[in-house]
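Asker: One structure, pasted below without further comment.
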Amino acid sequence: MEIRKIKSAGIILGATILLSLTGEAWANIAVYKKISLGQNLKHHRMTIGDLNGDGKIDYVFNDGRRSIKAFDHDGALLWEKINPNDPGVEEPYHNFTISVYDITLDGKAEVICFLEINGEHHLAVVEGATGNVLTSIQLPFVAPRDHDRWGLTNYYMQNHVAIANLRGLPVPQDILAIHASKLKVAAYSYENGVLVYRWFWITDHEGYSSGHHAYPYDITGDGRDEVLAGVDILDPDGNRMWKIELPPFNPENPNWGPDHVDAMTAADIDPDNPGKEIVVVAATGMWLYSSDGTLLWHHPTKVTDPVDGYFEGEGVQEVMVADLLPDVPGLEMVIFSEDMYTHNSVALFDCKGNVIRWDSQSNGPRRWITAAMDWNGDRSVPEIYSRTGIFDSEFDRISSSMIWSAVTTLDKDEFPPVVADVQGDHREEILYYDEDEIVIFHNAASYDGDPLSSPWEDLRYRLRYANLNHTSPMYFDWKSIGSDPEPARMPPEPPENLESPNTTENSISLRWSAAPPAADGNEAVAYHLYRGGIRIAVVAGTTYTDTGLKDDMPYSYRVLSVDGTGKESLTSADATFRTVALFYPHAGSPPETSTLGAKITVAGLVDWQDGHALELILTTTEPVVRCPTPLIFVESDQTVTQILMTGTFPGSRFTGYLLMTEYLAEGVGTFRLPEGSLVSTLGNTGNLIVEGATLNIRHPGINDPNYKPPETPAHLTSPLQTDHMIVLNWVTSISGGEYALASRFRIYRDGEFVDQVARPEFADTGLRPNTAYRYAIYAADPAGNLSPQALEGIFSTRSDPAPAGTHFVYAFITAGDPLRQEGRCVL
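If you number the sequence shown the way the numbering used here does, the last residue is 932 and the count never jumps.
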């Protein structure tokens, strides 16, 4: 037995590697690569994926919510994000707060994570190669720091991210944001480049939590994932299907409440039972359920063993499902139980709950990220990796691994290694890491067989690492990806028949025929849309509208198919389309065909969507038979804005709204009407604006002689309070120079800045129960100048929580909707 020193300094100080104890050459373990990171990564957990699309595995580290750092395959720092306001997590072991996954379907993995943005807790999709935030959305929960109750533990700070398929797409594009305190789950979809809220669940389970994590699995076989949220089994729409009833955590102390789920996973475990099964483990025992909630069998904490008497411990803490015994029907379960002071046991069960094998964790596999791995590359019976070595299904040690004792927090093992194929030889490696280095161990024996495809080409393998968690690794069937050498998958077929069913002055609508499957069955899961050689969108369907274009301009498009690995089709559907031409009359020579014309009057400022707008009245010199729309406003920098006009016809009075934002160019702009847009009841046509053809836009500053600061808002009220939320409403006052406005409101809570909003309303969440908060609200103009005084008020959260399962839905309705006129509502 050879002992080799690995490192002389750092956290892996004095760690050893014990080579094969079996004498089989393929079992040898050796250092494949050392990667120096040059960073202080203490208390950071590592997640992996291909961030830049080069086919190599990159590394992302995070320590809860405070720090995220991304490195390429060779250890170069790509980017980092630091949240200086978050003190971090004292015991970050339970926190899997990021997921590395290609949710945009562009062939490069994004980092889905929690970020603090403008003082609020957000779920964010971050570009893996650059760190740019592609989209984010505020979360409906905030993790409180309740030291009085939990002390120096992290139960109240357990945040997780998981990738799910709630909509039944070919490739999952949904996200679960999970907070383990009381187990809250918020579900989102990634659609057209943004995160879209779907639903929010809070368990009614008694006690601090119903489980450490939430797991997406399609247990019904309909192509959509259910969510295993602790004791609550939810359908894809966030409704509870059934509930697991657990016994008291401590029968001698019933006030502690019922037990919680320590780990659970799902697979087709028992072939005699239709559908998939869910295995649940907790301190009080182990259960196997059918997908409809039928209990198939249950073991208490102490499980009888035919050889060694019984398997004893505090309770089952982890479970791994794999086909370890091909001659035994169904899948097997490896479970780990521990007693904090005496025994630590590992046992192998068959699908019927019979104990096949038992051992002590000091001799056999040891808990904390135990994985069914393909160490030898045969893709048949997986090996069992644990932090004490690699084992076969007999619990015989194939090879010992590093003594993993120095990476600690609070004198307790912190983060386990990662097991994955990073070398690219289709066999899996073991990645150890510490505060400044990654050490990768591989099977040092040469592989004599034909090369196999990378497991990363399989979507299920990528999801396995996107949804990595510390107690229940996702079941992965190695035999399903085959042990025969496979040629590289063919690229997907291209789409066909690219056409434009509609064009306007500033938009082009596109559609195309779906790509057929390739000869080897490889199918397109999305389409990459290029304009002028630059990709502008990843489209899940076969239609897209390109907006923000210039009038009377040709635009060339290419559409390529993309498969689940991000591989594009070799050819594309190509076409060129032109936007509609607008005619802009020159001053002094309007191309009128009659004396028919119009005048423009500014009626004033009104509330509009997320800000304010100028209400414009267009009056024609003769009644017209159709609505003169759009009205064109050419800003001083020649930017063109189209204004939708509404009204009744035949008629002569029409209304439109020009949104007032800080992006409007200062200076004199001009109103125009497209040629022939005015058609009177007498048959006359024209497009001349005879009065009010110009509008002067100014964003006044303090030194402007006509400057007036925005007025202080008024009438602060709170129409809704819960035990953790206060909703605020107020009335805005618009003032300032010529058509300048208070476009934002800055909100302070107890003297601290909270947020900046565009509308006179705000929902403040994540508050403490039965607590009074003092609010101050300032109006701000586009230049950032504040109102002279703040609108202030004091409001309190409720002391009593809402009844279990209650969901609050609130909406802001703004009076004086400018689209409502003459008994009609135009949306």
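Where is the CB? At the ideal position from N, CA and C, for every residue including glycine. Values in this document were obtained by computation on a predicted structure and should not be read as measured data.
Exposed or buried, which one is residue 344 when buried takes at least 16 other CB atoms within 10 Å?
Answerer: Locating residue 344 in the sequence shown gives position 239, counting from the first residue. So residue 344 ends up on the exposed side.
Asker: Would you call residue 339 buried or exposed, if buried means 16 or more other Cβ atoms sit within 10 Å of its Cβ?
Answerer: For the purposes of this step, residue 339 is taken as residue 234 along the sequence shown, with counting starting at 1. Label assigned to residue 339: buried.
Asker: I think residue 477 touches residue 438, with their Cβ atoms under 8 Å apart; what is that distance to the nearest whole Å?
Answerer: Within the sequence shown, the letter at position 372 stands for residue 477. Within the sequence shown, the letter at position 333 stands for residue 438. Actually they are not in contact, since the Cβ atoms of residue 477 and residue 438 sit about 11 Å apart, beyond 8 Å.
Asker: Can you check which of these residues, 783, 774, 747, is closest to residue 755 by C-alpha distance?
Answerer: Mapped onto the sequence shown, residue 755 falls at position 650. Considering only alpha carbons, the answer is 783.
Asker: Quick one: residues in its chain with C-beta nearer than 8 Å to the C-beta of residue 656, no 5 flanking neighbours on either side, listed in chain order?
Answerer: Position 551 of the sequence shown, counted from the first residue, corresponds to residue 656. So the qualifying residues of the chain are 610, 611, 684, 685, 686, 687, 745.
Asker: Determine the direct distance from the alpha carbon of residue 405 to that of residue 389, and round the result to whole angstroms.
Answerer: The sequence position of residue 389 within the sequence shown is 284, counting from 1. The sequence position of residue 405 within the sequence shown is 300, counting from 1. Distance between the alpha carbons of residue 389 and residue 405 is about 6 Å.
Asker: Give the secondary structure of residue 322 by DSSP, where H, G and I count as helix, E and B as strand, and everything else as coil.
Answerer: Position 217 of the sequence shown holds residue 322. It is a strand residue.
Asker: Could you give the C-beta distance for residue 271 and residue 330, rounded to a whole number, given that I count them as a contact under 8 Å?
Answerer: The count along the sequence shown starts at 1 and reaches residue 271 at position 166. The count along the sequence shown starts at 1 and reaches residue 330 at position 225. Sure, about 6 Å apart at Cβ, within 8 Å.
Asker: Taking the straight line between their C-alpha atoms, what separation do you get for residue 292 and residue 264?
Answerer: Looking up residue 292 in the sequence shown gives position 187. Looking up residue 264 in the sequence shown gives position 159. Roughly 14 Å separates the two Cα atoms.
Asker: Distance, Cα to Cα, residue 341 vs residue 670?
Answerer: For the purposes of this step, residue 341 is taken as residue 236 along the sequence shown, with counting starting at 1. For the purposes of this step, residue 670 is taken as residue 565 along the sequence shown, with counting starting at 1. Going by the C-alpha atoms only, they are around 25 Å apart.
Asker: If you run the structure through DSSP and keep just helix, strand and coil, what is residue 571?
Answerer: Against the sequence shown, residue 571 aligns to sequence position 466. Residue state, collapsed to three classes: helix.
Asker: Does residue 728 come out as helix, strand or coil in the three-state DSSP assignment?
Answerer: Residue mapping note: residue 728 aligns to position 623 of the sequence shown, counting from 1. Three-state result, residue 728: strand.
Asker: On the CB-based measure, 16 or more other CB atoms within 10 Å of its CB, does residue 316 come out buried or exposed?
Answerer: Walking along the sequence shown from the start, residue 316 turns up at place 211. The residue in question, residue 316, is buried, as its Cβ has 16 or more Cβ neighbours within 10 Å.
Asker: Considering only their Cβ atoms, is the gap separating residue 860 from residue 225 smaller than 9 Å?
Answerer: Here the question's residue 225 lines up with position 120 in the sequence shown. Here the question's residue 860 lines up with position 755 in the sequence shown. Result yes, Cβ atoms of residue 225 and residue 860 sit closer than 9 Å.
Asker: Please list the terminal residues of the continuous beta strand (DSSP E) segment that includes residue 403.
Answerer: Numbered from its first residue, the sequence shown carries residue 403 at position 298. 400-405 is the span of the beta strand (DSSP E), which, as asked, contains residue 403.
Asker: Touching or not, the segment 565-573 and the segment 593-610, by the rule of three or more beta carbon pairs under 8 Å?
Answerer: No: fewer than three Cβ pairs fall under 8 Å.
Asker: How many angstroms separate the CA atom of residue 254 from the CA atom of residue 311?
Answerer: Taking the first residue of the sequence shown as 1, we reach residue 254 at position 149. Taking the first residue of the sequence shown as 1, we reach residue 311 at position 206. For residue 254, the predicted model reports a pLDDT of 41, less than 50, meaning its position is unreliable and no value from the coordinates is stated.
Asker: With distance defined between alpha-carbon atoms, name the residue in 750, 431, 905 nearest to residue 737.
Answerer: If you number the sequence shown from 1, residue 737 lands on position 632. When only C-alpha atoms are compared, the closest one is 750.
Asker: Answer with buried or exposed for residue 182, where buried requires no fewer than 16 other C-beta atoms within 10 angstroms of its C-beta.
Answerer: In the sequence shown, residue 182 corresponds to position 77, counting from 1. When all chains shown are included, residue 182 counts as exposed.
Asker: Using the Cα positions of residue 277 and residue 268, report the straight-line distance between them to the nearest angstrom.
Answerer: As a first step, residue 277 must be located in the sequence shown, where it is residue number 172. As a first step, residue 268 must be located in the sequence shown, where it is residue number 163. About 7 Å.
Asker: Which runs of the beta strand (DSSP E) at least 3 residues long sit entirely within the segment 613-697? Give them in chain order.
Answerer: Runs of the beta strand (DSSP E) inside the segment 613-697: 631-636, 639-644, 648-652, 659-667, 678-683.
Asker: If we require 3 or more residues per run, which beta strand (DSSP E) segments fall completely within the segment 195-230?
Answerer: List check, beta strand (DSSP E) in window: 204-206, 215-222.
Asker: Using three-state DSSP, classify residue 585 as helix, strand or coil.
Answerer: Here residue 585 refers to the residue found at position 480 when the sequence shown is read from its first residue. Looking at residue 585 - three-state DSSP - the assignment turns out to be helix.
Asker: Examine the Cβ distances between the segment 211-219 and the segment 153-164 and report whether three or more of them are shorter than 8 Å.
Answerer: The answer is yes - the segment 153-164 touches the segment 211-219, with three or more Cβ pairs under 8 Å.
Asker: Measuring only the C-alpha atoms, how far is residue 119 from residue 136?
Answerer: Walking along the sequence shown from the start, residue 119 turns up at place 14. Walking along the sequence shown from the start, residue 136 turns up at place 31. Legend: pLDDT at residue 119 = 32, less than 50; position of this residue unreliable, value from coordinates given subsequently. The alpha-carbon atoms of residue 119 and residue 136 are separated by roughly 15 Å.
Asker: Below 7 Å CB to CB, which residues in the same chain sit around residue 676 once its five sequence neighbours on both sides are set aside?
Answerer: One-based indexing of the sequence shown puts residue 676 at position 571. Once the five neighbours on either side are set aside, the close Cβ partners of residue 676 are 599.
Asker: Do you know how far the Cα of residue 431 is from the Cα of residue 322?
Answerer: As a working note, residue 322 is residue 217 in the sequence shown. As a working note, residue 431 is residue 326 in the sequence shown. Whole-angstrom Cα-Cα distance: 24 Å.
Asker: Provide the residue(s) that pair with residue 241 in DSSP beta bridges, ordered along the chain.
Answerer: On the sequence shown, residue 241 is found 136 positions in, with the first residue counted as 1. 229, per the DSSP bridge assignment.
Asker: How many angstroms separate the CA atom of residue 231 from the CA atom of residue 894?
Answerer: Reading the sequence shown from its first residue, position 126 is the one you call residue 231. Reading the sequence shown from its first residue, position 789 is the one you call residue 894. Near 38 Å, if we compare the C-alpha coordinates of residue 894 and residue 231.
Asker: Using the Cα positions of residue 957 and residue 174, report the straight-line distance between them to the nearest angstrom.
Answerer: Within the shown structure, residues of the chain are numbered from 106 to 932, placing residue 957 beyond reach of any answer.
Asker: Taking residue 904 as the reference, give the member of 483, 877, 522 with the closest Cα.
Answerer: Position 799 of the sequence shown, counted from the start, is the residue given in the question as residue 904. Considering only alpha carbons, the answer is 877.
Asker: Roughly how many angstroms lie between the CA atoms of residue 850 and residue 741, to the nearest whole one?
Answerer: Taking the sequence shown and counting its residues from 1, the one referred to as residue 850 is at position 745. Taking the sequence shown and counting its residues from 1, the one referred to as residue 741 is at position 636. Rounded to whole angstroms, residue 850 to residue 741 spans 28 Å at the Cα level.
Asker: Helix, strand or coil: how does DSSP classify residue 480 here?
Answerer: Counting from one through the sequence shown, the residue named residue 480 turns up at place 375. In the structure shown, residue 480 sits in coil (DSSP, three-state: anything other than H, G, I, E or B).
Asker: DSSP beta-bridge partners for residue 898?
Answerer: Translated into the one-based positions of the sequence shown, residue 898 becomes position 793. Answer by DSSP bridge pairing, in chain order: 880.
Asker: Quick check on this structure: which residue in 629, 759, 864 has the alpha carbon closest to the alpha carbon of residue 620?
Answerer: Counted from its first residue, the sequence shown places residue 620 at position 515. When each option's Cα is compared against that of residue 620, the closest is 629.
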